[in-house]
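Working notes, beginning with the structure itself.
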Amino acid sequence: MEIWKDIPGYEGLYQVSDKGRIKSLSRFVKYYRGERLKKEIILKQEIVLNTGYSQVRLYNQSNEKKSKMYRVHRLVLFSFYGESIFECNHKNGIKIDNRLENLEYCTKSENQMHAIKTGLKKIMFGENSTNAKLTKDQVIRIKTIDKNCKVEKGYWAKVAKSLNIDRKNINHILNLKTWKNVIV
């Protein structure tokens with residue numbers, strides 16, 4: 001059996017279910033010609049293309065023209081468990097599965113680790129990292145020169161300057177603090 005709860009701040013207007021559905025309750029709404037009965041209806045959820053989460057638009061009772069978009073999973077957790085400083089997590093990793101049994105509050109780091117574990121977020125390293133200043137080929141050349149050649153003083157500073165990086169970046173590569181995955 002589906003359990004419905006009022007959405008805090010929208011009591012008597014909207015309810016959310018443990019199945020992740022949102023409904024607009026029957027009520028009289030003011031129009032320019034008076035009042036009209038608005039019948040109870042299950043709201044259609046929009047999927048946000050760039051995030052994959054479902055959302056709904058809720059209207060304020062005092063002004064039917066003012067509305068606000070809400071992510072459905074947040075409304076479900078908020079209505080059943082109350083407000084929290086924590087993030088909402090979909091246990092199965094499916095962003096549109098907003099059933100209460102699939103949702104939980106968790107810390108930001110727990111949420112990030114869960115996203116990596118479920119394949120929602122990929123760990124970027126090497127030249128695919130957004131912070132990468134070098135390519136894998138450049139790192140291979142640096143490591144090969146260090147391994148096979150005796151270099152004169154100031155050589156690595158010149159290399160760093162030519163690659164538009166700091167000398168310490170080369171030290172980090174040679175001391176295996178960065179680019180550990182590149183083996184020569």
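Counting in the numbering used here, the sequence shown tops out at residue 184, every number present. Backbone N, C-alpha and C define an ideal beta-carbon position, used for all residues, glycine too.
query: How big is the Cα-Cα spacing for K108 and M69?
result: Those two C-alpha atoms are separated by around 22 Å.
- prompt: Per DSSP, L103 is paired with what?
  reply: Per DSSP, the beta-bridge partners of L103 are H90.
R57 to S67 span [Cα, whole Å]: If I take the Cα positions, the gap works out to 6 Å.
- request: Using the DSSP secondary-structure output, state which residues sit across from D6 in a beta bridge.
  value: Answer is Q15, bridged to D6.
task: Run through the segment 136-167 for me and flag every whole beta strand (DSSP E) of 3 or more residues, listed as ranges in chain order.
output: If we require 3 residues or more, the segment 136-167 turns out to have no beta strand (DSSP E) run fully inside it.
Every unbroken beta strand (DSSP E) within the segment 24-87, with a cutoff of 3 residues, ordered by chain: Correct list: 27-31, 34-38, 54-59, 67-71.
query: Can you tell me whether DSSP reads I22 as helix, strand or coil?
result: Residue state for I22 is assigned as strand, using DSSP reduced to three classes.
- request: Just the C-alpha distance for K168 and L176, rounded to the nearest angstrom, thanks.
  value: If you draw a straight line from the Cα of K168 to the Cα of L176, it is about 12 Å long.
field: Whole-angstrom distance between S26 and G12, CA atom to CA atom
entry: Cα-Cα distance, rounded: 9 Å.
message: Do E127 and T135 count as a contact pair if the criterion is CB distance below 8 Å?
response: Their beta carbons are under 8 Å apart, which means T135 touches E127 by this criterion.
- prompt: Is DSSP giving L176 helix, strand or coil here?
  reply: Note: L176 maps to coil in three-state DSSP.
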